[in-house]
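Worksheet for the structure shown next.
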Amino acid sequence: MMNKQPGFTLIESLVAILVLGILTTIAIPSFSDMMANSRLTAASNDLAATLNLARSEAVKRATTVSVCRSVNGAACDNGAAWAVGWIVFTDAGVAGTVDGTDEILRVHAAVSTKVTITATAFTSSGVVSFQSDGQEADSDSGRFDICDTRAGENMRRLNLAQTGRVQFDRSSPLCA
């Protein structure tokens, strides 16, 4: 007489592996989209926090505080893309440049290589500056469009009013 031993048969194991494979195939694309959305959200939140920090520091210190693109974290690099990183600094000396009279307040490293940040309108100099009253130093308001490599997906848009207020635009168009 044969004793029954607990366990799974080969057929049961193969069916379980097949079901697991199908579920994985369905879940991975969703996970990729979730990661891409997370990268966009992180980049836009980081940029908004940086702009708000610069504005509050300008008011607190009663001086101009600027944000500019920076590859090395020590000087402005206005030829670079915003995605390479940026710095926040007191801008008491030559406007829009880090010099001996300025203090670097925050350095932000590059965002994901799959994210692009495009500035429009207010950054002709490549620098966003806030005056001691918290207002943006340029005469016009502007915006940052944050996109990734997925064409047709919703972008994250940050609007910066001339008053210095940073606001997310919920009706953002699609990335090109």
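In short: position in the sequence shown from 1, add 61, done, that's my numbering.
Every residue gets a Cβ at the ideal spot worked out from N, C-alpha and C, and that includes glycine.
Given the structure is predicted, the values throughout are model-derived calculations rather than measurements.
query, result
"Exposure of Met216, with buried meaning 16 or more beta-carbon neighbours within 10 Å", "buried"
"Enclosing alpha helix (DSSP H) for Leu112 [first to last residue]", "71-122"
"Exposure label - Thr85; buried when at least 16 CB within 10 Å", "exposed"
"Cα-Cα separation, Arg204 to Gly187", "13 Å"
"Integer Cβ distance of Trp143 from Arg130, believed to fall under 8 Å", "5 Å"
"The beta strand (DSSP E) enclosing Gln228, as first and last residue numbers", "227-230"
"Local Cβ density within 10 Å of Glu73, reported as buried at 16 or more and exposed below that", "exposed"
"Ala97 vs Asp230 beta-carbon contact at 8 Å", "no"
"Segment limits, beta strand (DSSP E) that includes Thr179", "176-181"
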